[in-house]
Every structure is written in C-alpha cells, then in structure tokens.
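Those letters in the sequence shown? Residues 1 to 292, per the numbering used here, in order. The block underneath contains the structure these notes are about, expressed in structure tokens.
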Amino acid sequence: MNWPAETRAFVPIALISAVALGAFPSAVPQWLQVTLLALGVVILGLPHGALDPAIAGRAGLVKSSASLWAFNAGYTGVVLGVIALWWIAPVLSLVLFLAVSAWHFAGDWRDTLPSWAQGIGGAGLLLMPIIFHTQEVADIFVMLSGPGGAVVAETLSQLGWWVPLAMLFVAGFALIQRQWSSAMELTALVLIGIFAPPLVFFIIYFCSLHSPRHLREHFQRADASEHKRLWRMLIVYTLATLLLIIPMLWLWSSVSLSESIVRLVFVGLAAVTVPHMMLMVYAESKTSNTQC
Numbered sequence: 001m002n003w004p005a006e007t008r009a010f011v012p013i014a015l016i017s018a019v020a021l022g023a024f025p026s027a028v029p030q031w032l033q034v035t036l037l038a039l040g041v042v043i044l045g046l047p048h049g050a051l052d053p054a055i056a057g058r059a060g061l062v063k064s065s066a067s068l069w070a071f072n073a074g075y076t077g078v079v080l081g082v083i084a085l086w087w088i089a090p091v092l093s094l095v096l097f098l099a100v101s102a103w104h105f106a107g108d109w110r111d112t113l114p115s116w117a118q119g120i121g122g123a124g125l126l127l128m129p130i131i132f133h134t135q136e137v138a139d140i141f142v143m144l145s146g147p148g149g150a151v152v153a154e155t156l157s158q159l160g161w162w163v164p165l166a167m168l169f170v171a172g173f174a175l176i177q178r179q180w181s182s183a184m185e186l187t188a189l190v191l192i193g194i195f196a197p198p199l200v201f202f203i204i205y206f207c208s209l210h211s212p213r214h215l216r217e218h219f220q221r222a223d224a225s226e227h228k229r230l231w232r233m234l235i236v237y238t239l240a241t242l243l244l245i246i247p248m249l250w251l252w253s254s255v256s257l258s259e260s261i262v263r264l265v266f267v268g269l270a271a272v273t274v275p276h277m278m279l280m281v282y283a284e285s286k287t288s289n290t291q292c
C-alpha cells in the first residue's frame, strides 16, 4: 500500500506508544513530557506554519516586497490580538482555540474523507484525551485559563464513549472507501488517546502526523527549483516566531518553568493558528473561485 510517509511514521509510533504506555502508564514523567513538547513544537510544530508567506504568494496576497511587509504586519497584528484576547478572556479563548483547532486538524483528511468524517476526526482527536484523562487535561486547562478551564474539561468529558465510537465509525467508513491510511490513522489516534497522557498524545499526533503532512504537502505543491527558497523561509519565520513568542514567558514569571512552557506552547500555538487558518480559508476560496 502506498501510504504517505507521515502515516508510515505515525502509525507504528502510535501503536508502540499505546502498548508501552498501557503496560507502564507512568513511564514518561511530567518534566520529560514538557521537555519533549517544547522541542517537538519548535522543531516540527512551528515550521509547519512558517511557510504561510508562500501560501499568501500563491493566493495573490504577496506580490512585492511592500505587500510582503504588509502581510507580515497584518499576520503579527492578529497574533498579538489573540494573545491579548487570551489575557482578557482566557476561558473564551480556550473554547475558541479548541474549536479552531478541531477545524484545522480536520484538514488532515481533506483528500481522503468527506467533510462530515473530517469533522468527526478533527473534533474526536481533541476530545479523546479529555474523555480518558479528564483530570490531567483539566489541570492543563487550569494552567491555560484558570479555574474555568476545569469546567470546560469536565463539560466536554460528558461526551464519554461516544467520541471513540464515532472515531472508529469513521475509521470503518474509511476502510469501506478503501482509504486504508486514514483508517489506520484514526484507529491509532483512538488507541493513543486511551493510553497516552494528554501531552504525549499531542506530541505524537502533532509532531509525527499533522506537521509532517502539512510540510510534505507544501513542498509537493512547489516546483523543485523553489525548495531552497522554502527551506530558507521556513528557518527565518520559525526563528522570527520564537523571537515574538518567547518574551511571553515574562507574563508567567510567577509560576513554575514547566507551567510556563505549557502556557507558552498552547497560547503560542493558538496565536499563530488563528492567522494561519484565516489565510488557509482565503487561499482555498481563491482556488475555488479559480476552478469555477
């Protein structure tokens, strides 16, 4: 079977991790989870949004140096706006971030599954850790949004076994449609959702499936002659994002380093996900208009 490279990496990692963590649930201490989270997001997470200027170029938003500066300024403005909203209304920001993330992650199956199945996959992968590790997720949500975060986790956990059953239903549908890789990905997500701690679940999914898929698709759409330019763009914008986000640590100087990193990762991801999604929606609308 000609599975995508990221599927061939993700499925074995997920299955091995599910078995290992099922047998040894405390094998990955909290400090190691946080360290791996930070490294994984910096090395594989941020770069998957660092090519947004290339998407903007293909969508006609960037045609000159002046328009590139305008795009960067607008993008940065949205990032800062998201951070400000999180500071002002943390619980609302958390709920919006979960909704936007579900929509964004659903795109991992846009080429293989219908929209309803994509939606279940995107929402389900976010809900799986909440269903099976409610207290751990509640603790993370409290770090991000205060006591109201625990209420969000407890409320969503009431969905219970309907979530994994819906995920497995979509996996079965994918099998019927002969979308073997999607079926295996969804099944693997259910397994690690049950057995892996929430941060480990996120690391495995985000760094071995979602980000590599996004990067692979970017480079496949570009001519080989553009690959060097894309690599330069990836490095420059990843470093620029770090320079923009890392100063956020001073906002949480009163809490532990571990908690500060968790906040930095997820609030930072929220801040860059929103303009990324706005750009993707615009770019897809331009593509649709061109095709009509």
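Built from N, CA and C at the ideal position, the CB exists for glycine as well.
Report buried or exposed for residue 270, applying the criterion of at least 16 other Cβ atoms within 10 angstroms of its Cβ. Here residue 270 refers to the residue found at position 270 when the sequence shown is read from its first residue. Under this definition residue 270 is a buried residue.
With DSSP as the reference, label residue 275 as helix, strand or coil. As a working mapping, residue 275 is identified with position 275 in the sequence shown. Residue 275: helix per DSSP, three-state reduction.
With DSSP run on the structure shown, which of helix, strand or coil describes residue 26? Against the sequence shown, residue 26 aligns to sequence position 26. Three-state result, residue 26: coil.
Spatial neighbours of residue 295 in its chain, beta-carbon cut-off 7 angstroms, leaving aside the 5 residues before and after: Nothing can be reported for residue 295, as the shown portion of the chain is limited to 1 through 292.
Please report how far the alpha carbon of residue 182 lies from the alpha carbon of residue 109, in whole angstroms. Taking the sequence shown and counting its residues from 1, the one referred to as residue 182 is at position 182. Taking the sequence shown and counting its residues from 1, the one referred to as residue 109 is at position 109. Residue 182 and residue 109: Cα-Cα distance of roughly 7 angstroms.
Between the alpha carbons of residue 87 and residue 52, how many angstroms are there, rounded? Locating residue 87 in the sequence shown gives position 87, where the first residue counts as 1. Locating residue 52 in the sequence shown gives position 52, where the first residue counts as 1. Residue 87 and residue 52: Cα-Cα distance of roughly 25 angstroms.
Mapping DSSP to helix, strand and coil, what is residue 187? Sequence index remark: in the sequence shown, residue 187 carries index 187 (1-based). Looking at residue 187 - three-state DSSP - the assignment turns out to be helix.
Around the C-beta of residue 227, are 16 or more other C-beta atoms found within 10 angstroms, so that it is buried, or is it exposed? For the purposes of this step, residue 227 is identified with residue 227 of the sequence shown, where counting begins at 1. With fewer than 16 Cβ atoms within 10 Å of its Cβ, residue 227 is classed as exposed.
What's the gap between the Cα of residue 233 and the Cα of residue 47? Start at 1 with the first residue of the sequence shown, and residue 233 comes out as number 233. Start at 1 with the first residue of the sequence shown, and residue 47 comes out as number 47. Residue 233 and residue 47: Cα-Cα distance of roughly 9 angstroms.
Taking three-plus beta-carbon pairs below 8 angstroms as touching, is the region 188–199 in contact with the region 16–25? yes
Residue 242 versus residue 38 - alpha carbon distance: For the purposes of this step, residue 242 is identified with residue 242 of the sequence shown, where counting begins at 1. For the purposes of this step, residue 38 is identified with residue 38 of the sequence shown, where counting begins at 1. Residue 242 and residue 38: Cα-Cα distance of roughly 11 angstroms.
Nearest by alpha-carbon distance to residue 105: which of 213, 236, 225 is it? As a position in the sequence shown, residue 105 is number 105, starting the count at 1. Out of 213, 236, 225, 213 has the C-alpha closest to the C-alpha of residue 105.
Just to confirm before moving on: does the CB-CB distance between residue 284 and residue 10 stay below 8 angstroms? By one-based count along the sequence shown, residue 284 stands at place 284. By one-based count along the sequence shown, residue 10 stands at place 10. Contact: no.
Which ranges would you report for the alpha helix (DSSP H) in the region 93–178 if only whole runs of at least 4 residues count? 115–132, 134–145, 147–157, 162–176
Tell me whether residue 43 is buried or exposed, calling it buried when 16 or more other Cβ atoms sit within 10 Å of its Cβ. For the purposes of this step, residue 43 is taken as residue 43 along the sequence shown, with counting starting at 1. Under this definition residue 43 is an exposed residue.
My guess is that residue 263 and residue 143 are in contact by the Cβ rule of under 8 angstroms, so how many angstroms apart are they, rounded? As a working mapping, residue 263 is identified with position 263 in the sequence shown. As a working mapping, residue 143 is identified with position 143 in the sequence shown. Sure, about 6 angstroms apart at Cβ, within 8 angstroms.
Do you know how far the Cα of residue 135 is from the Cα of residue 6? Within the sequence shown, residue 6 is the residue found at index 6, counting from 1. Within the sequence shown, residue 135 is the residue found at index 135, counting from 1. When rounded, the distance between both Cα atoms is 31 angstroms.
Quick check: what's the CA-CA separation for residue 268 versus residue 83? Along the sequence shown, one-based indexing puts residue 268 at 268. Along the sequence shown, one-based indexing puts residue 83 at 83. When rounded, the distance between both Cα atoms is 8 angstroms.
With a Cβ-Cβ cutoff of 8 angstroms, do residue 28 and residue 200 count as a contact? Here residue 28 corresponds to residue number 28 of the sequence shown, with the count starting at 1. Here residue 200 corresponds to residue number 200 of the sequence shown, with the count starting at 1. In this structure, residue 200 lies closer than 8 angstroms to residue 28 by Cβ.
In three-state DSSP terms, what is residue 2? One-based indexing of the sequence shown puts residue 2 at position 2. Reduced to three states, the DSSP call for residue 2 is coil.
Determine the contact status of residue 120 and residue 174, defining contact as a CB-CB distance below 8 angstroms. In the sequence shown, the residue the question calls residue 120 occupies position 120. In the sequence shown, the residue the question calls residue 174 occupies position 174. No, the Cβ-Cβ distance between residue 120 and residue 174 is not below 8 angstroms.
Distance check for residue 230 and residue 85, CA to CA, integer angstroms please. Stepping through the sequence shown from its first residue, residue 85 is reached at position 85. Stepping through the sequence shown from its first residue, residue 230 is reached at position 230. Their Cα atoms are separated by approximately 32 angstroms.
Suppose the cutoff is 7 angstroms on Cβ atoms and the five residues either side in sequence are ignored; what does the same chain contact list for residue 100 look like? Residue numbering aside, residue 100 sits at position 100 when the sequence shown is read from its first letter. Only 273, 274, 277 meet the Cβ criterion.
What are the boundary residues of the alpha helix (DSSP H) that includes residue 55? Taking the sequence shown and counting its residues from 1, the one referred to as residue 55 is at position 55. Its alpha helix (DSSP H) spans residues 52–58.
Would you kindly work out how many angstroms separate the C-alpha atoms of residue 203 and residue 64, rounded to a whole number? As a working mapping, residue 203 is identified with position 203 in the sequence shown. As a working mapping, residue 64 is identified with position 64 in the sequence shown. If you take the alpha carbons of residue 203 and residue 64, they lie about 37 angstroms apart.
State buried or exposed for residue 146, treating a residue as buried only when at least 16 other CB atoms are found within 10 Å of its CB. Along the sequence shown, one-based indexing puts residue 146 at 146. Flag for residue 146 reads exposed.
Pair within 8 angstroms by beta-carbon distance, residue 55 and residue 279: Working through the sequence shown from its first residue, we reach residue 55 at position 55. Working through the sequence shown from its first residue, we reach residue 279 at position 279. In this structure, residue 279 lies closer than 8 angstroms to residue 55 by Cβ.
If you measure between the beta carbons of residue 206 and residue 49, is that distance less than 8 angstroms? The sequence position of residue 206 within the sequence shown is 206, counting from 1. The sequence position of residue 49 within the sequence shown is 49, counting from 1. For residue 206 and residue 49, no; Cβs fall outside 8 angstroms.
Report the residue from 114, 149, 138, 220 whose alpha carbon sits nearest the alpha carbon of residue 171. Within the sequence shown, the letter at position 171 stands for residue 171. Of the listed residues, the one whose Cα sits closest to residue 171 is 114.
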